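In this note's numbering, the protein residues as written are 16 to 234. Ideal placement from N, C-alpha and C gives every residue a C-beta, glycine not left out. A quick note: this is a predicted structure, and the numbers were derived from the prediction, not measured. For reference, the structure discussed in these notes is given below.
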Amino acid sequence: MTGKTVEIKILGKTIQAKAGETLVHALWAAGMPESVKTGCAGGVCGACTVTLRYSDGRPGGTELACMKPVEAGMEIFPCPVEDDNPVLPVADPELSHLQSAFPTLNRCTKCGSCTTACPMSIPVMDSVLRMQKGEFETVAEDFTTCIHCGLCRFVCEDKVKPHNMGLWVRRSLGMSRNVAITNNEDNAEQEWRYLLAEDRGERLQRARQFRKSGRVGET
Ligand code: SF4
Ligand code: SF4
Ligand code: FES
16 MTGKTVEIKI LGKTIQAKAG ETLVHALWAA GMPESVKTGC AGGVCGACTV
66 TLRYSDGRPG GTELACMKPV EAGMEIFPCP VEDDNPVLPV ADPELSHLQS
116 AFPTLNRCTK CGSCTTACPM SIPVMDSVLR MQKGEFETVA EDFTTCIHCG
166 LCRFVCEDKV KPHNMGLWVR RSLGMSRNVA ITNNEDNAEQ EWRYLLAEDR
216 GERLQRARQF RKSGRVGET
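As structure tokens, then:
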């Protein structure tokens, strides 16, 4: 440890940071924990997403502040996503349910900004178009790796809320299939064994089949 310090800027304020520490640790040490939201502090939840600009003016794109080490002269711009009331999922969801839960669905102008912004390479815009057609099984797969950083919502000029809808679809499909599991503990154990097949390809196949039928070993 050299003990070297660098200067970084957030919300127009210059703070000192230890070389090599993450942006989040620098903000905590500077007494500004509220300036960037955090959840897991381990690169999983996406709560701490920020955009960056380097000292030479280069845009640094989007980064997770809990993972990104500080660099001298770096400027940090938090990406606040306003709170939203959770929308309850429904079992056996249909397009009309999604439309009434999220009237924003049909506002999409196909600009593609959400897909460009997504750090998880999710085809967000395509998935919104699939939602408009009620293709929920595919939508649920699209959003499997979503970390809910909120960036797709942040960049959407039309306030479409893609990831909120993706989560609603996944929860609604999950709710439809949960009845059998919660009603019978033996079933649950059997289903976990079935779903945790050792072979990766087999596991994926089984998960797809299970999502479709809600049962073990059925096609
Ligand atoms: S950013 Fe919004 S309007 Fe643009 S494609 Fe995505 S959901 Fe549609
Ligand atoms: S919230 Fe949106 S941008 Fe973030 S990972 Fe999920 S789909 Fe991608
Ligand atoms: S706090 Fe969860 S990814 Fe950074």
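| Query | Result |
| --- | --- |
| Rounded to whole angstroms, what's the CA-CA distance from L79 to G149? Just pull it up for me. | 32 Å |
| Shorter than 8 Å from the beta carbon of H112 to some beta carbon of chain B? | Considering every chain present, this structure includes no chain B. It has just one protein chain. |
| Take the Cβ of N100 as the centre, count every other Cβ of all protein chains shown within 10 Å, and call the residue buried at 16 or more, exposed below. | exposed |
| Mind checking who A32 pairs with in its DSSP beta bridge? | V21 |
| Could you have a look at A195 and say whether DSSP puts it in helix, strand or coil? | Legend: pLDDT at A195 = 49, less than 50; position of this residue unreliable, value from coordinates given subsequently. A195: helix per DSSP, three-state reduction. |
| Round the Cβ separation of T53 and A62 to the nearest angstrom and send it over; I've been treating them as touching at under 8 Å. | 6 Å |
| Could you check how far apart the C-beta atoms of R68 and G75 are, in whole angstroms? I think they sit under 8 Å. | 6 Å |
| Use the C-beta contact count for G46: other C-beta atoms within 10 angstroms, 16 or more gives buried, fewer gives exposed. | exposed |
| If distances are taken between C-alpha atoms only, which option among E49, G35, E90 comes closest to T29? | E90 |
| Determine the extent of the beta strand (DSSP E) in which F92 is found, giving its start and end residues. | 90-93 |
| By Cβ distance below 7 Å, which residues in the same chain neighbour L110 in space, the five residues on each side in sequence not counted? | G149 |
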